[in-house]
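Residue numbers (the working numbering): 30 to 202.
Notes follow the structure.
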């Protein structure tokens with residue numbers, strides 16, 4: 030009987046130790062991710078991420094890591110019902126958020142593609158999405174083009190990628 034109590038307590042202690050290891054691993058992962066986000070920003074180049082966007086990305090990554098840690102801890106303690114409920118809720122929430130923000134995400138992904146592919150750069154004269162003018166700024170969601178009439182126009186990046194882009198500023202090689 031005493032041996033059984035000792036074994037039960039040892040099992041609980043081991044679960045607590047594993048949980049602490051998971052928490053430490055999550056903290057380390059968050060610390061490691063911060064420089065990676067900065068490197069991603071440097072790699073993207075012309076698309077400048079605002080402080081708010083940086084904070085949003087950092088928070089999203091942190092929440093994903095903490096959620097993964099929570100799932101691991103629930104798994105360690107064999108709390109399957111709570112784990113399944115949490116995963117189901119997260120899936121429904123993720124679907125709802127993804128569906129509601131698909132235009133925003135489309136524009137952001139298009140901004141990243143524009144930064145990587147560089148079909149135009151700041152200062153180039155372009156015609157795209159029915160607008161002709163000079164590229165003044167390239168942001169994550171929109172590109173600012175100043176027309177010949179000196180009117181600044183914000184074009185959603187997804188609209189730019191859906192239309193042909195005539196770049197008059199790029200010379201043939």
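Glycine residues also receive a C-beta, built at the ideal position from the N, C-alpha and C atoms.
Please read all numbers here as calculations on a predicted model, not as lab measurements.
Taking all protein chains shown into account, residue 124 has fewer than 16 neighbouring C-beta atoms within 10 Å of its C-beta and is therefore exposed. Inter-residue distance for residue 144 and residue 192 is about 17 Å (C-alpha atoms, whole angstroms).
When only Cα atoms are considered, residue 34 and residue 49 end up about 23 Å apart.
The residue from 55, 121, 112 with its alpha-carbon nearest to that of residue 98 is 55. Contact between residue 181 and residue 165 holds: their C-beta atoms lie close to 7 Å from each other, under 8 Å. Counting only residues of its own chain and dropping the five nearest sequence neighbours on each side, residue 188 has a CB closer than 7 Å to the CB of 158.
In the three-state reduction of the DSSP assignment, residue 162 falls in the strand class. Here residue 183 carries a strand assignment [DSSP, helix/strand/coil].
At least 8 Å separates the beta-carbon of residue 132 from that of residue 196. The Cβ atoms of residue 139 and residue 103 lie no closer than 8 Å to each other. Pairing residue 170 with residue 86, the inter-Cα distance amounts to about 14 Å.
A direct Cα-to-Cα measurement between residue 127 and residue 173 gives close to 26 Å.
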